[in-house]
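Undergrad: Using the working numbering, read the sequence shown as starting at 2 and increasing by one per residue.
For each residue, glycine too, the CB sits at the ideal point set by N, CA and C.
Model, not experiment: these values are computed from the prediction.
Sharing a structure here in structure tokens format.
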Amino acid sequence: MDTEQTTRRKSVTGAAGCLIAVLGAMAGSAVWLPYGRRGLFGGFEGETNQDLLWLGLPVLVLAGTTAALAVFAAVRGRWRSALVLAAAVAGLAALGYGFDVLAGPQATRHCAPSC
Numbered sequence: 002m003d004t005e006q007t008t009r010r011k012s013v014t015g016a017a018g019c020l021i022a023v024l025g026a027m028a029g030s031a032v033w034l035p036y037g038r039r040g041l042f043g044g045f046e047g048e049t050n051q052d053l054l055w056l057g058l059p060v061l062v063l064a065g066t067t068a069a070l071a072v073f074a075a076v077r078g079r080w081r082s083a084l085v086l087a088a089a090v091a092g093l094a095a096l097g098y099g100f101d102v103l104a105g106p107q108a109t110r111h112c113a114p115s116c
């Protein structure tokens with residue numbers, strides 16, 4: 002009887018973790034959406050920034066997923082896992098800032114004030 006409850010608890014915890022990961026990925030996509038729309042469709046004279054799609058979207062989806070799993074691990078009391086995941090989020094943030102993954106199209110970023 003104990004093993005059945007343990008197995009059920011592990012199954013519920015695993016399903017909750019998957020749901021949290023999907024919600025984190027959706028949150029990362031929601032954060033990316035305003036930047037992606039402006040960078041892909043709102044460029045000056047049709048100019049677009051494809052790095053928003055190829056770098057920005059994956060970085061934000063991974064960061065959202067990792068942040069959600071870090072919170073889930075912290076709530077469950079798994080502090081070491083939560084710290085490792087938080088460090089991964091910091092690394093993804095550094096990668097995002099380093100490659101400027103949320104930058105708009107080139108023409109709108111370096112436009113004179115008279116634009």
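Just how far apart, CA to CA, sit D3 and T14?
TA: Distance between the alpha carbons of D3 and T14: 16 Å.
Undergrad: Between the beta-carbon of V62 and the beta-carbon of G97, is there less than 8 Å?
TA: No, these two residues do not count as a Cβ contact at 8 Å.
Undergrad: When you compare the stretch 68-83 with the stretch 8-23, are there three or more beta-carbon pairs, one atom per stretch, that lie closer than 8 Å?
TA: At 8 Å Cβ cutoff, the stretches touch.
Undergrad: Counting along the chain, where does the alpha helix (DSSP H) carrying T67 start and finish?
TA: Segment L58 to V76, the alpha helix (DSSP H) holding T67.
Undergrad: Could you give the distance in angstroms between the alpha-carbon of A22 and the alpha-carbon of T66?
TA: Cα to Cα, A22 sits roughly 5 Å from T66.
Undergrad: Which residues in the same chain as V102 place their Cβ atom closer than 6 Å to its Cβ, once the five residues preceding and following it in sequence are excluded?
TA: The answer, listed in chain order, is L56, G57 and V60.
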